[in-house]
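In what follows, a single structure is set out as structure tokens and then discussed.
In the numbering used here, the protein residues as written are 14 to 133.
Below is the structure:
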């Protein structure tokens, strides 16, 4: 059985950028093992997504692009990037999952699998 917990995104100093998951902060907030990888099972991102967006993994101040979308006329109410990736996302303890929208605002919630972390 999967046990998921919701993690709210937080705004960075960069305009229109949010950190969906910061493994180090998660360990501190939830008392989790800092060395355990985090499994992201679901996201719910909303905001001005029609102007385009990008999803990155940040590692040692470098960004690894995962996926994104160009500007579109289609209205996007909420976005879950996990089905777009085609699998759950495993983040190592030193990585952050960063979402950047080109519109005016974006916010989000991610869901991580606590059972995976408890068994490690």
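Note that beta-carbon positions come from the ideal geometry of N, C-alpha and C, so glycine has one too.
Distance from the Cα of residue 90 is smallest, within the candidate group 120, 44, 102 and 40, for 120.
Residue 58 is positioned such that its CB atom lies closer than 9 Å to that of residue 112. Checking the DSSP bridge columns, you'll see residue 94 has no partner listed. Put simply, the region 94-102 touches the region 47-61. At least three CB pairs are less than 8 Å apart. When secondary structure is reduced to three states using DSSP, residue 49 falls in the coil class, being assigned neither helix nor strand. For residue 88, DSSP records no beta bridge to any residue.
Within the model, the alpha-carbon separation for residue 92 versus residue 40 is close to 26 Å. Close CB contacts of residue 79 within its chain, under the 6 Å cut and outside five residues either way in sequence, are with 68 (chain order). The residues 114, 116, 117, 118 and 119, in chain order, have a CB closer than 7 Å to that of residue 61 in the same chain once the five nearest residues on each side in sequence are set aside.
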